[in-house]
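Let me begin by presenting the structure, written as structure tokens, before commenting on it.
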DNA sequence: CTGAAAGCGCTTACAG
DNA sequence: CTGAAAGCGCTTACAG
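Now the structure itself:
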């Protein structure tokens, strides 16, 4: 009898003992699935890391943001009594049952008109985004990233450090981070009557984009050459730094380089590279907190504010 | 009728269409839990990263091994049509149903007499270890790590590079990696009539152990001072390198330093540090393959051989 | 205090 | 071709 095992009803100790013994003997183990069936909850959260789609490898070298997110989220989930599942796209045909069985979803960096958000919202599955769907701002519960403010912060720093002409290198994924950063530099440039210098290169290309970026910005009119390049990803920044050095430019004297999201790589390279610390652990913990509330049927209202990114000043921008 | 929706039986197209329409209208979504109940399978794998227990933070700086493992495992699982759950200890009281609902488990670096393995095997839940339970070798299905061979490979390299007296710094977790490495250096030292120089310091201390390690090995009889220190973790190696430098030792001339598991940190530090590449991605993929077989009821027999670790030679051991 | 029954939301034989 | 029934393995009221 289940009362004995789960200690719910009032059962004689003797009976409990006897039943527990037998249970142990036959190696009885209650099916977590059958249990979950009652309240249709498994105690499962899912982290959908959308940009996995665009990364050719999971190698975290220079892209530790997502792995730090995943790790912190898993740990935070456990602390709330949930498990965390890592998936990339639950809308793909042939996904396992489990990919749809989470009590709530966290979607990091959704794409423009992301089908994952569409599916989740159509099926009334609770979810929270980290970064908005750029095409549907305000439509879904989201933790705001403030990519615009972050960009402004970095531009202000570079400007203070003596840069006059700042170029931006973003990734090609159409997510909030890439798009809002672009908007921010365009606005910033135009307010100074400058033609915005922007280039988008695939995230997955990593360090390999260095020469292409240098070619793009340093081939035309010398008056238009940047004296600072802000790359959103640490790997792009590393590639640009290396390419600039190869071309005989001194960093930071001739060219400053900074990254919007760094890894240890940027802290130990020569020169070390200025980065933003996006606080992925804090964001992940916050997202888990919200997902747990959603999973438990609570209403959560925005705006959801995260800890601000901070600037890690390093040699590459220290003139 | 379910036949219409899942396309199993023979149903008129017309009926299918009608039912699908209604389903869409009412926002019907089949419960993955109820579905899973039939064959008591959810398409869920679990990765139990035991050393999480000992790490004070999930920050991957210098410990990217586990995160790389987690990432690669998640991706590999998806490719096999499974989801991957990240948990640290399913034996803890109060774990969610889901933590026990996986079809198969991968346990990385189990401890000595690890209760997780005990539970899993008692409950007849299929699992595969990465690294053996040091107290129960051969008892459970395990992917062998060859920590002993790895240690020998590193010792041979250091020896070739000119080291005469090599010290080993391990973590304090009682897992295969730490223990087998210790055994290997003891054997190696004794065969040369040398007193083994071994020290164990907590994994979680990371770079902070530098001075303690230097004190330990450089305080006594100068004849016993090592001219090479092999740290199993990259963070320990980084700490030792820094401490040695601070004391005026030149690396590698006066002291060589190497790590058994490195991260990007060791590739970009000054000097760069020689490490083993343990191939976590390959191991994770292999583990997932096995877990999938187990989940599907196939028998898997050992010995399970992994790709060999390779040596990344860097400045810290280049005399 | 304890057993038998109903129900969680599906799927899969089994009648009509 | 389609509907009604049984069953997956539990939990939770509900009788005895």
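Chains as they are written, first to last, in our numbering: chain A, 26 to 344; chain B, 26 to 344.
Glycine is no exception: its CB is placed at the ideal position from the N, C-alpha and C atoms.
1. Using the DSSP secondary-structure output, state which residues sit across from residue 152 of chain A in a beta bridge.
2. Where does residue 51 of chain A fall in DSSP's three states?
3. Strictly under 8 Å for the Cβ-Cβ distance: is residue 131 of chain B near chain A by that measure?
4. Any Cβ of chain B within less than 8 Å of the Cβ of residue 315 of chain A?
5. Which class does residue 90 of chain A belong to by DSSP, given the choice of helix, strand or coil?
6. With DSSP run on the structure shown, which of helix, strand or coil describes residue 265 of chain A?
7. Starting from residue 108 of chain A, trace the beta strand (DSSP E) both ways and give me its first and last residue.
8. Does chain A have any CB closer than 8 Å to the CB of residue 75 of chain B?
9. Taking the DSSP output, what are the residues bridged to residue 225 of chain A?
10. In angstroms with no decimal places, state the Cα-to-Cα distance between residue 273 of chain A and residue 279 of chain A.
11. For residue 92 of chain A, go through chain B and note every residue whose CB falls closer than 8 Å to its CB, in chain order.
12. Where does residue 125 of chain A fall in DSSP's three states?
13. Can you determine whether any heavy atom of the ligand ADP sits closer than 7 Å to the C-beta of residue 190 of chain B, and answer yes or no?
14. Cutting at 8 Å between CB atoms, please list the residues of its own chain near residue 220 of chain A, excluding the five before and the five after it.
15. Please classify residue 301 of chain B: does DSSP put it in a helix, a strand, or coil?
16. With burial defined as no fewer than 16 other Cβ atoms inside 10 Å of the residue's Cβ, what is the status of residue 290 of chain B: buried or exposed?
17. Hey, is residue 331 of chain B's beta-carbon within less than 8 Å of any beta-carbon in chain A?
18. Does DSSP put residue 200 of chain A in a helix, a strand or coil?
19. Assuming residue 336 of chain A and residue 178 of chain A are in contact, meaning their beta carbons sit under 8 Å apart, how far apart are those beta carbons, in whole angstroms?
20. Quick check on the DSSP output: the beta strand (DSSP E) that includes residue 73 of chain A runs from which residue to which?
21. Taking just the CA atoms, how far does residue 143 of chain A sit from residue 51 of chain B?
22. Of all the options B:123, B:200, B:229 and B:237, which has the alpha carbon lying nearest to the alpha carbon of residue 66 of chain A?
23. If I'm right that residue 173 of chain A touches residue 209 of chain A with Cβ under 8 Å, what's the distance once you round it to whole angstroms?
24. Please report how far the alpha carbon of residue 340 of chain A lies from the alpha carbon of residue 298 of chain A, in whole angstroms.
25. Within this structure, are the beta carbons of residue 293 of chain A and residue 294 of chain B separated by less than 8 Å?
Reading from the atomic positions:
1. Mapped onto the first chain, residue 152 of chain A falls at position 127. Paired residues: A:130.
2. In the first chain, residue 51 of chain A corresponds to position 26, counting from 1. Three-state DSSP puts residue 51 of chain A in a helix.
3. In the second chain, the residue the question calls residue 131 of chain B occupies position 106. Not one chain A Cβ lies under 8 Å of residue 131 of chain B.
4. Here residue 315 of chain A refers to the residue found at position 290 of the first chain. Cβ-Cβ to chain B under 8 Å: no for residue 315 of chain A.
5. Counted from its first residue, the first chain places residue 90 of chain A at position 65. Three-state result, residue 90 of chain A: helix.
6. Along the first chain, one-based indexing puts residue 265 of chain A at 240. Residue 265 of chain A: helix per DSSP, three-state reduction.
7. In the first chain, residue 108 of chain A corresponds to position 83, counting from 1. Taken as a continuous stretch (DSSP letters only), the beta strand (DSSP E) holding residue 108 of chain A covers 108–112.
8. Residue 75 of chain B sits at position 50 when you count from the first residue of the second chain. Using beta-carbon distances, residue 75 of chain B does not count as an interface residue toward chain A, since no partner is under 8 Å.
9. Taking the first chain and counting its residues from 1, the one referred to as residue 225 of chain A is at position 200. Residue 225 of chain A is bridged by DSSP to A:195.
10. Translated into the one-based positions of the first chain, residue 273 of chain A becomes position 248. Translated into the one-based positions of the first chain, residue 279 of chain A becomes position 254. If you take the alpha carbons of residue 273 of chain A and residue 279 of chain A, they lie about 9 Å apart.
11. Taking the first chain and counting its residues from 1, one reaches residue 92 of chain A at position 67. In chain order, 85, 89, 92, 93, 95 and 96 make up the part of chain B whose C-beta sits under 8 Å from the C-beta of residue 92 of chain A.
12. Translated into the one-based positions of the first chain, residue 125 of chain A becomes position 100. Here residue 125 of chain A sits in helix by DSSP.
13. Among the components modelled here there is no ligand, and therefore nothing to report on the ligand ADP.
14. The residue you call residue 220 of chain A lines up with position 195 of the first chain. Excluding positions up to five away in sequence, the list reads 214 and 249.
15. Position 276 of the second chain, counted from the start, is the residue given in the question as residue 301 of chain B. Strand, per DSSP.
16. Stepping through the second chain from its first residue, residue 290 of chain B is reached at position 265. It is buried - the Cβ of residue 290 of chain B has at least 16 other Cβ atoms within 10 Å.
17. The sequence position of residue 331 of chain B within the second chain is 306, counting from 1. Answer no: the Cβ-Cβ gap between residue 331 of chain B and chain A never drops below 8 Å.
18. For the purposes of this step, residue 200 of chain A is identified with residue 175 of the first chain, where counting begins at 1. Here residue 200 of chain A sits in strand by DSSP.
19. As a position in the first chain, residue 336 of chain A is number 311, starting the count at 1. As a position in the first chain, residue 178 of chain A is number 153, starting the count at 1. In this structure, residue 336 of chain A and residue 178 of chain A form a Cβ contact; the two beta carbons are roughly 6 Å apart against a cut-off of 8 Å.
20. The residue labelled residue 73 of chain A in the question sits at position 48 within the first chain. For residue 73 of chain A, the uninterrupted beta strand (DSSP E) run begins and ends at 69–74, by DSSP.
21. In the second chain, counting from the first residue as 1, residue 51 of chain B sits at position 26. In the first chain, counting from the first residue as 1, residue 143 of chain A sits at position 118. Near 16 Å, if we compare the C-alpha coordinates of residue 143 of chain A and residue 51 of chain B.
22. As a position in the first chain, residue 66 of chain A is number 41, starting the count at 1. Among B:123, B:200, B:229 and B:237, the Cα nearest to that of residue 66 of chain A belongs to B:123.
23. Counting from 1 along the first chain, the entry for residue 173 of chain A is found at position 148. Counting from 1 along the first chain, the entry for residue 209 of chain A is found at position 184. About 4 Å; that satisfies the 8 Å criterion.
24. The sequence position of residue 340 of chain A within the first chain is 315, counting from 1. The sequence position of residue 298 of chain A within the first chain is 273, counting from 1. Distance between the alpha carbons of residue 340 of chain A and residue 298 of chain A: 6 Å.
25. The count along the first chain starts at 1 and reaches residue 293 of chain A at position 268. The count along the second chain starts at 1 and reaches residue 294 of chain B at position 269. Yes, the Cβ-Cβ distance between residue 293 of chain A and residue 294 of chain B is below 8 Å.
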